[in-house]
Structures are given as C-alpha cells and as structure tokens.
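**Q** Just so you know, the sequence shown maps onto residues 573 to 847 in our numbering.
Please find one structure pasted underneath; my questions will follow.
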Amino acid sequence: MDFAWVKKAFRTKQRRGGKPPAPTGMGRWTGLAARLVNPLALGSLAFGLSACALFDFGPPGPDDYPVKGIDVSYYQEDINWRSVVADNTAFAWLKATEGGDWYDPKFDANWYGAAMAGLPRGAYHFWYFCRPAMEQVSWFLQHVPYDPYALPPVLDIEWVNSKTCPGHPPREVIISEVRIWLDAIERYYGKRPIIYTSISFYNDRLRGAFPGYFIWIASYKGHPIVRDPSLRWNFWQHTEAGRVSGIRGRVDRNVFNGSVREWQAFLQGRLRPES
C-alpha cells in the first residue's frame with residue numbers, strides 16, 4: 573500500500589504545530605534498539621508504524637491543501653469575481669464549449685471578469701463522443717481567446733447519459749481522438765492541456781495513455797488515493813456543492829496537489845507532472 577499521503581498528512585500536522593508524542597521511559601528505547609538489530613523485526617516495526625500513522629491521521633482532506641479553486645459555467649449565473657478572490661480562491665476554470673456546437677453563454681463575462689479581478693483562470697471543453705476531434709478543436713478555437721497568461725486549457729471527458737450520443741467508444745478510439753484534440757490545442761495555445769475526468773472513466777479508458785499530462789480527478793466520495801491508491805493526480809474536484817463568496821448557490825470546488833511554491837511553479841510553466 574502507498575502511504576505517501578500519510579506522510580503528507582503528518583507533515584501538514586507538523587506545520588500546524590502538532591508534534592508526535594515523545595517516548596517515555598528507558599524501557600521503550602531499550603526495547604526498540606533491541607528489535608532494530610533484527611531485519612525481520614525492523615520490517616514488522618515499519619509496517620506497524622505506518623499502520624498507526626494511517627489510523628492516527630487518515631488521508632488529507634480538502635482543507636489540508638493550501639491552494640484552492642473553483643470551476644464554473646452558466647449554472648452559476650452572474651459572478652462577483654472580486655468576492656470570489658477575497659474568499660481564498662486561487663484559480664478558476666470556466667466552461668467554454670461542448671462538442672462542436674454549444675457555447676457557454678456566460679463564458680465571455682467570466683473570462684474577462686476573472687481576469688479583471690486578478691484571478692488566474694482558464695477555459696475548459698466538454699467532450700462529446702459523437703463529434704470528430706478536429707470539429708471540437710475548431711469549435712474551442714473559435715470561442716477561447718489566445719492569452720499567454722491564462723491557465724492551460726482543460727479537456728473534460730467522462731461518461732454521461734446522453735440521448736443524442738448513447739454509445740461508449742472503445743479505449744483505442746477514445747485515446748486516438750483525444751490525442752488529436754490535445755495536440756492541436758497545445759500547438760495553438762502553447763500550453764499542454766490538463767485532462768479532467770472521473771476515477772471510473774480514467775480506469776476504463778485513459779489509464780497509462782497520457783503520462784506527460786496533469787490529471788484533474790473528480791472524486792466526491794473520498795480522497796482519490798483512498799479510492800485508488802495507484803492513481804496519479806494533480807487536481808481534485810472534491811465537491812459539486814461548495815459555497816464561495818460572490819457566487820449564488822452551489823459551485824464545484826477543487827484543490828491543487830502541491831504547496832504554494834509548487835503552485836507558483838505551475839503558474840510559471842516550470843512544474844512537470846509525474847510520469
């Protein structure tokens with residue numbers, strides 16, 4: 573089992589002022605030293621300590637990540653972006669397009685409103701399985717301005733219950749089409765897109781196909797690594813029912829998997845995803 577997230581929780585608690593309990597009595601230290609000379613006992617001890625850490629700390633929650641953001645669409649209606657920024661929001665992705673013929677009516681207002689408020693923002697495209705990739709590329713390019721200061725574009729791809737496109741294409745078809753979209757968008761905007769998806773879709777169709785891309789995972793039922801310990805992720809959409817100042821009603825909330833310093837490196841294009 574991967575206990576990397578346990579170590580992160582431990583470090584987070586230390587940063588907040590918590591300290592592990594100090595050992596009491598020479599007997600504890602003597603017994604520990606005696607066991608350390610036995611490699612088998614050492615392995616057992618390490619497992620035991622990891623297990624204790626697991627139950628003591630648990631996986632980090634959204635509040636344990638310092639960099640938080642939102643994603644929005646026309647569902648959020650008119651947004652007061654200055655209030656959003658004041659509510660500890662570090663980034664926003666805005667829905668721009670879907671398929672090859674739908675455009676979010678609030679995108680322009682959100683695009684310029686967020687920028688005027690000084691909030692890093694980017695655009696996302698919702699994938700439609702019954703449109704060729706290049707049609708979806710062209711549609712996105714028509715509606716999302718080139719802005720060298722914008723966040724990388726995002727491709728939102730997931731299974732949906734669609735009456736007009738009910739099929740589930742095979743993995744090889746999806747990977748081929750998605751790669752066309754990703755490559756074309758990167759060439760135009762000069763930034764490698766981010767892939768947003770669910771854990772189930774990632775495992776069904778995408779796992780292992782895009783190692784050089786940042787992955788944004790939607791997981792409302794728990795921390796991504798609890799649901800899939802082998803999952804590599806960079807952003808976590810942890811709720812669709814969040815509350816943020818400046819937005820009436822519910823909004824998707826997200827966290828960045830990294831420190832404030834790593835976030836600054838991401839904004840400057842210096843951070844690379846793990847393979």
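In this text, a Cβ means the ideal position worked out from N, Cα and C, and glycines have one as well.
Note that the coordinates shown come from a computational prediction; the quantities given were computed from them, not determined experimentally.
Starting from the Cα of Leu691, find the closest Cα among Tyr675, Asp650 and Ala658 and give me that residue.
**A** Taking the sequence shown and counting its residues from 1, one reaches residue 691 at position 119. The residue with the shortest Cα to Cα distance from Leu691 is Ala658.
**Q** Do you know offhand how far Asn652's Cα is from Phe712's?
**A** Here residue 652 refers to the residue found at position 80 of the sequence shown. Here residue 712 refers to the residue found at position 140 of the sequence shown. Rounded to the nearest angstrom, the two C-alpha atoms are 25 angstroms apart.
**Q** Identify, in the order they occur along the chain, each residue of the same chain with its Cβ nearer than 8 angstroms to the Cβ of Ala689, setting aside the five sequence neighbours on each side.
**A** One-based indexing of the sequence shown puts residue 689 at position 117. Taken in chain order, the residues that qualify are Trp653, Arg654, Val656 and Val657.
**Q** With a threshold of 8 angstroms on Cβ separation, who are the neighbours of Thr811 within its own chain once the five nearest residues in sequence on each side are excluded?
**A** Here residue 811 corresponds to residue number 239 of the sequence shown, with the count starting at 1. Taken in chain order, the residues that qualify are Pro634, Tyr792, Asp824 and Arg825.
**Q** Identify the residues that DSSP records as bridge partners of Tyr647: which are they?
**A** Residue numbering aside, residue 647 sits at position 75 when the sequence shown is read from its first letter. Note: Tyr647 sits in no beta bridge, so no partner.
**Q** For Trp674, list the residues DSSP reports as bridge partners.
**A** Position 102 of the sequence shown, counting from 1, holds the residue named residue 674. Answer is Glu670, bridged to Trp674.
**Q** Return the CA-CA distance between Arg764 and Arg820, expressed in angstroms with no decimal places.
**A** As a working mapping, residue 764 is identified with position 192 in the sequence shown. As a working mapping, residue 820 is identified with position 248 in the sequence shown. Taking the straight line from one Cα to the other gives about 32 angstroms.
**Q** Would you check if the distance between the CB atom of Trp835 and the CB atom of Val644 is smaller than 8 angstroms?
**A** Along the sequence shown, one-based indexing puts residue 835 at 263. Along the sequence shown, one-based indexing puts residue 644 at 72. Their beta carbons are not under 8 angstroms apart, which means Trp835 does not touch Val644 by this criterion.
**Q** Can you tell me whether Trp731 is buried or exposed, with buried defined as 16 or more other CB within 10 angstroms of its CB?
**A** On the sequence shown, residue 731 is found 159 positions in, with the first residue counted as 1. Its Cβ having fewer than 16 others within 10 Å, Trp731 is exposed.
**Q** Considering only residues of the stretch 793-839, which uninterrupted alpha helix (DSSP H) runs meet the minimum length of 4 residues and lie entirely inside it, listed in chain order?
**A** Look at the stretch 793-839 and you find these whole runs of alpha helix (DSSP H), each 4 residues long or longer: 796-799 and 832-839.
**Q** Find out if the Cβ-Cβ distance for the pair His715, Tyr675 is shorter than 8 angstroms.
**A** Stepping through the sequence shown from its first residue, residue 715 is reached at position 143. Stepping through the sequence shown from its first residue, residue 675 is reached at position 103. A contact, by the Cβ cut-off of 8 angstroms.
**Q** Between the C-alpha atoms of Asp755 and Thr769, what's the straight-line distance to the nearest angstrom?
**A** Position 183 of the sequence shown, counted from the first residue, corresponds to residue 755. Position 197 of the sequence shown, counted from the first residue, corresponds to residue 769. Asp755 and Thr769: Cα-Cα distance of roughly 18 angstroms.
**Q** Am I right that Thr661 and Val816 are in contact with their C-beta atoms under 8 angstroms? What's the rounded C-beta distance?
**A** For the purposes of this step, residue 661 is taken as the residue at position 89 of the sequence shown. For the purposes of this step, residue 816 is taken as the residue at position 244 of the sequence shown. Right, their Cβ atoms sit about 6 angstroms apart.
**Q** Where Ile771 and Asn829 are concerned, what is the direct C-alpha to C-alpha distance, given to the nearest angstrom?
**A** Residue 771 sits at position 199 when you count from the first residue of the sequence shown. Residue 829 sits at position 257 when you count from the first residue of the sequence shown. Cα to Cα, the separation comes out at about 16 angstroms.
**Q** Do the CB positions of Ile747 and Ala781 come within less than 8 angstroms of each other?
**A** As a position in the sequence shown, residue 747 is number 175, starting the count at 1. As a position in the sequence shown, residue 781 is number 209, starting the count at 1. Closer than 8 angstroms, so yes.
**Q** Of the residues Gly784, Glu846 and Glu649, which one's Cα is nearest the Cα of Phe679?
**A** Start at 1 with the first residue of the sequence shown, and residue 679 comes out as number 107. That would be Glu649, whose Cα lies nearest to the Cα of Phe679.
**Q** Can you list, in chain order, the residues of its chain with a C-beta nearer than 7 angstroms to that of Phe701? Leave out the 5 residues immediately preceding and following it.
**A** Sequence index remark: in the sequence shown, residue 701 carries index 129 (1-based). The answer, listed in chain order, is Cys737, Gly739 and Pro741.
**Q** Measuring only between beta-carbons, confirm whether Ile642 sits less than 8 angstroms from chain B.
**A** Chain labels in this structure do not include chain B; a single protein chain is all it has.
**Q** Classify Arg693: buried if its beta carbon has 16 or more other beta carbons within 10 angstroms, exposed otherwise.
**A** Numbered from its first residue, the sequence shown carries residue 693 at position 121. Buried, because 16 or more other Cβ atoms sit within 10 Å of the Cβ of Arg693.
**Q** Taking 7 angstroms as the limit between beta carbons, can you name the residues of its chain near Leu839, skipping five residues before and five after?
**A** Locating residue 839 in the sequence shown gives position 267, where the first residue counts as 1. Correct list, in chain order: Pro692.
**Q** Which first and last residues belong to the beta strand (DSSP E) in which Leu727 is found?
**A** The residue given as residue 727 occupies position 155 in the sequence shown. Here the beta strand (DSSP E) through Leu727 covers Val726 to Asp728.
**Q** Measure the beta-carbon distance from Tyr785 to Ile767 and round it to whole angstroms, keeping in mind my assumption that it falls under 8 angstroms.
**A** Residue mapping note: residue 785 aligns to position 213 of the sequence shown, counting from 1. Residue mapping note: residue 767 aligns to position 195 of the sequence shown, counting from 1. Confirmed, about 5 angstroms.
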